[in-house]
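Here numbering that gives the first Met the number 0 is used: the first residue of the sequence shown is 0, the next is one more, and so on. All C-beta atoms, glycine included, are put in the ideal place defined by N, C-alpha and C. Note that this is a predicted model, so its numbers are computed, not measured. Read through the structure below, which is laid out as structure tokens, and then see the notes.
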Amino acid sequence: MSVVPAPSDRSADLPPGAPGLPHGIPDLLTATAARCPAHPVLRLDEEVLSFADLEAHSARAAHWLAALGVAPGDRVAVLLPNVPEFAVLYYGILRAGAVVVPMNPLLKAREIEHCLGDARPAVLLAWHTGDEEAAEGARRTGTRLVAVEPAALAAVLAEQPADPPTAAGGRGGEDTAVILYTSGTTGAPKGAELTHRNIVCNARAGVQVLGLVERDVIFGGLPLFHSFGQVIGLNCAVAVGACLTLVRRFDPLAALAVIQRDRVSVFLGVPTMYTLMLTHPRRAGHDVSSLRVCLGGGAPMPPEVLRGFETDFDCVVLEGYGLSESSPLACANRSDRARTAGTIGIPVEGVRMRIVDESGREVPDGTVGEVVIRGHNVMKGYWGRPDTTARTVRDGWLHTGDLGTRDERGDFRIVDRRKDVIIRGGFNVYPREVEDVLYEHPAVAEATVIGVPHPTHGQEVAAAVVLREGAAATPEEIRGFVRERVAPYKYPRLVWTVDALPKGPTGKILKREVVVPAAEPGRPGS
0 MSVVPAPSDR SADLPPGAPG LPHGIPDLLT ATAARCPAHP VLRLDEEVLS
50 FADLEAHSAR AAHWLAALGV APGDRVAVLL PNVPEFAVLY YGILRAGAVV
100 VPMNPLLKAR EIEHCLGDAR PAVLLAWHTG DEEAAEGARR TGTRLVAVEP
150 AALAAVLAEQ PADPPTAAGG RGGEDTAVIL YTSGTTGAPK GAELTHRNIV
200 CNARAGVQVL GLVERDVIFG GLPLFHSFGQ VIGLNCAVAV GACLTLVRRF
250 DPLAALAVIQ RDRVSVFLGV PTMYTLMLTH PRRAGHDVSS LRVCLGGGAP
300 MPPEVLRGFE TDFDCVVLEG YGLSESSPLA CANRSDRART AGTIGIPVEG
350 VRMRIVDESG REVPDGTVGE VVIRGHNVMK GYWGRPDTTA RTVRDGWLHT
400 GDLGTRDERG DFRIVDRRKD VIIRGGFNVY PREVEDVLYE HPAVAEATVI
450 GVPHPTHGQE VAAAVVLREG AAATPEEIRG FVRERVAPYK YPRLVWTVDA
500 LPKGPTGKIL KREVVVPAAE PGRPGS
């Protein structure tokens, strides 16, 4: 399959009745299982599941769920790590006509309670090793809990018929398939409702962007409960006949070993993953020659990391952009089109993007504004929150809260989150720009830039930095390095080094959890 460029941001939306659109997500699996039943679809170390296996196991899971009392339209919460059982239950829930509510298995009881209380699922399927937190969250909300243990699940599924259920309650492309809870950076987590059509179309877009072909091996280190790993990893693999090789929790050395062992051809990851693999001292000891193409998302990738990874790993790194509310992929670079580091390319097929001002008017190319999205990938809405949905999706356009620009070639660039912009003395400072300069410093492995209160300027620019293993640099040296490369109001007056930066489940740096040192090292006079 060749890589097909997407149309411009002014292309028409893909119509609901587009030719060849499957009725629902499980149809992707059924079609591929009929075409290549013996091909591996999932691998976890020595455990391998074929497409025929996944087809049969998920059909049995649908019957089992119906026996548990799950009816079409019910929500089923899933609290599992990256294991094959996730996929079996995911497709089984959808085949039963129910809605998947995937949750982070690292959540604590209070967080589980919130999601369960909001989604009101008929049952919670939780991994057997995390049952204490899950049990407490379920108890507080009165949710039925079923522990998932591999051998026990295999035994109970073996008792069910292997033929798919005859009906899924009339669930179609426009019905909700998945409720994804956002990270809650602006308040309590909200459930983004994605339809079957949202996810099927987005999987097809992912296949096009990556040029996926049958027998590709995709690195499965992104959590399956997250939209990136679930849609662009699992559903793309299922759609095209590729294999997703799972990693329970990302570790750079383990990732390098998996790439070598399984001959991984497609890598999906957030910038932190690329940085940790690129800077690992034992990187050169692994054969990564199988890598063909990589897709980065979740946060902007520093240009130095992108260029370094492409050079050292001899592969193409594409930057993509999206969010849970956009299913997730909205925009991406293409391997057959000129790319500029730091840009996210053009919208995927059937999706439009614009840069608008606060009044919703499109701004000229090169002007910073809010990124808005329209197309088959825009969520149905936030579960049970019509007012919030109406504020976020206006006249069919998803307002992302991200700031960006578009250049004369039509390429988009994400500048920062609107809420992350630092206003120092009336001047806007975009942390992404300063972070890109920090990554150019030879001693810097990771960095994040935040705003801290200042009595005169309103906010001051601050940077937390992780040094490369064996490297040395003082906060003063790092600050001076940046000062030489940006306008005077942009460079960080406050710089400090840390052993590690706080990260979310996908490895994305959590700015809101960065702790500013009380002693304020490395800060000169104003």
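- Among the bridge pairs identified by DSSP, Thr404 is matched with Arg412.
- In chain order, Pro430, Val433, Glu434, Ala462 place their CB closer than 6 Å to the CB of Val448, counting only its own chain and leaving out the 5 sequence neighbours on each side.
- With a 10 Å radius around the Cβ and a threshold of 16 neighbouring Cβ atoms, Arg170 comes out buried.
- Pairing Asp406 with Asp364, the inter-Cα distance amounts to about 5 Å.
- DSSP lists Ile372 as the bridge partner or partners of Met352.
- Contact between Ile217 and Gly205 does not hold, since their C-beta atoms are separated by about 10 Å, which reaches or exceeds 8 Å.
- One thing to note: Ile24 has its Cβ within 9 Å of the Cβ of Asn234.
- The criterion of a C-beta distance shorter than 9 Å is not satisfied by Thr388 and Gly424.
- DSSP assignment within the region 81-160 yields the following whole alpha helix (DSSP H) runs of 4 residues or more, N-terminal first: 83-94, 108-118, 130-140, 149-157.
- In terms of CA proximity to Ser323, Pro101 leads the group Leu27, Ala65, Arg34, Pro101.
- For Arg423, the secondary structure class from DSSP, reduced to helix, strand or coil, is strand.
- Out of His127, Asp130, Glu148, Ile178, the CA that lies nearest to the CA of Ala76 is found in Ile178.
- Counting other Cβ atoms within 10 Å of its Cβ, Pro83 reaches 16 or more and is therefore classed as buried.
- With a threshold of 16 other beta carbon atoms within 10 Å, Ser358 falls short and is exposed.
- Between Pro164 and His62, the C-beta gap is smaller than 9 Å, which places the two residues in contact.
- Within its own chain, the residues whose Cβ lies closer than 6 Å to the Cβ of Glu318, once the five positions on either side in sequence are excluded, are Gly295, Met300, Asn332, Ile343, listed in chain order.
- The residues Val465, in chain order, have a CB closer than 7 Å to that of Ala499 in the same chain once the five nearest residues on each side in sequence are set aside.
- Between Val350 and Arg196, the alpha-carbon positions lie close to 13 Å from each other.
- Of all alpha-carbon atoms in Ala446, Tyr488, Val485, the one lying nearest the alpha-carbon of Val513 is that of Ala446.
- In the displayed model, Ser57 falls within a helix according to three-state DSSP.
- Residues Val87, Leu88, Gly91, Leu156 of the same chain have their beta carbon placed closer than 7 Å to that of Ala60, with the five preceding and five following residues left out of the count.
- Going by DSSP, Pro501 is part of no alpha helix (DSSP H) at all; its letter is neither H nor E.
- For His225 against Thr31, the beta-carbon gap comes to about 23 Å, at or over 8 Å, which does not count as contact.
- Here Cys330 is near Val347, since their CB atoms are less than 9 Å apart.
- Distances from the alpha-carbon of Ala176 to those of Pro160, His113, Leu193, Asp162 put Leu193 closest.
- Classified as exposed, Thr366 has fewer than 16 neighbouring CB atoms from the shown chains inside 10 Å of its CB.
- Rounded to the nearest whole angstrom, the C-alpha separation of Ala470 and Arg482 is 21 Å.
- The three-state reading of DSSP puts Ser49 in strand, counting E and B together.
- Closest in alpha carbon position to Ala442, among Glu459, Ile477, Val451, is Ile477.
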